[in-house]
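Participant: Take this structure, written in structure tokens, and hold onto it; I'll ask about it next.
In this note's numbering, the protein residues as written are 1424 to 1506.
Shown next as structure tokens:
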């Protein structure tokens, strides 16, 4: 299952989110989740087709899961909705 993520390359909140993902991604319940990453500036047309303001922004099946800074507990809660 793919979770679409919009981010900015130099965004500290995005970097933190990716570090959290790297720490938890190999846990059994998250093994079937893949992050589909889209850099907002490089894929502006695609980014503009989604309704968000803050990054990182996570979507599953075009439904917004989370927008903005995220900590580990919030990421787990978000992903647990999908498993």
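For glycine and all other residues, C-beta sits at the position ideal for the given N, C-alpha and C.
Being a predicted model, the structure only gives us computed values, none of them experimental.
Are residue 1425 and residue 1451 closer than 8 Å when you measure CB to CB?
Facilitator: On the chain shown, position 2 is the one that residue 1425 refers to. On the chain shown, position 28 is the one that residue 1451 refers to. Going by C-beta atoms, residue 1425 is not nearer than 8 Å to residue 1451.
Participant: Does the segment 1493 to 1500 come within contact of the segment 1456 to 1471, defined as at least 3 CB pairs closer than 8 Å?
Facilitator: Touching, no.
Participant: Between which two residues does the beta strand (DSSP E) containing residue 1378 stretch?
Facilitator: As displayed, the chain neither begins before 1424 nor continues past 1506, which places residue 1378 out of reach and without an answer.
Participant: To the nearest angstrom, how far is it from the Cα of residue 1453 to the Cα of residue 1441?
Facilitator: As a working mapping, residue 1453 is identified with position 30 in the chain shown. As a working mapping, residue 1441 is identified with position 18 in the chain shown. Spanning the two alpha carbons is a distance of roughly 14 Å.
Participant: Quick check: what's the CA-CA separation for residue 1459 versus residue 1432?
Facilitator: Your numbering for residue 1459 matches position 36 in the chain shown. Your numbering for residue 1432 matches position 9 in the chain shown. Going by the C-alpha atoms only, they are around 14 Å apart.
Participant: Determine, using beta carbons only, whether residue 1506 and residue 1429 come nearer to each other than 8 Å.
Facilitator: In the chain shown, residue 1506 corresponds to position 83, counting from 1. In the chain shown, residue 1429 corresponds to position 6, counting from 1. No. Outside cutoff.
Participant: Please go through the same chain and pick out, in chain order, the residues whose beta-carbon is closer than 6 Å to the beta-carbon of residue 1480, but skip the five residues on each side of it.
Facilitator: Locating residue 1480 in the chain shown gives position 57, where the first residue counts as 1. Excluding positions up to five away in sequence, the list reads 1429 and 1490.
Participant: Between the alpha carbons of residue 1504 and residue 1439, how many angstroms are there, rounded?
Facilitator: Residue mapping note: residue 1504 aligns to position 81 of the chain shown, counting from 1. Residue mapping note: residue 1439 aligns to position 16 of the chain shown, counting from 1. Each residue's alpha carbon lies about 21 Å from the other.
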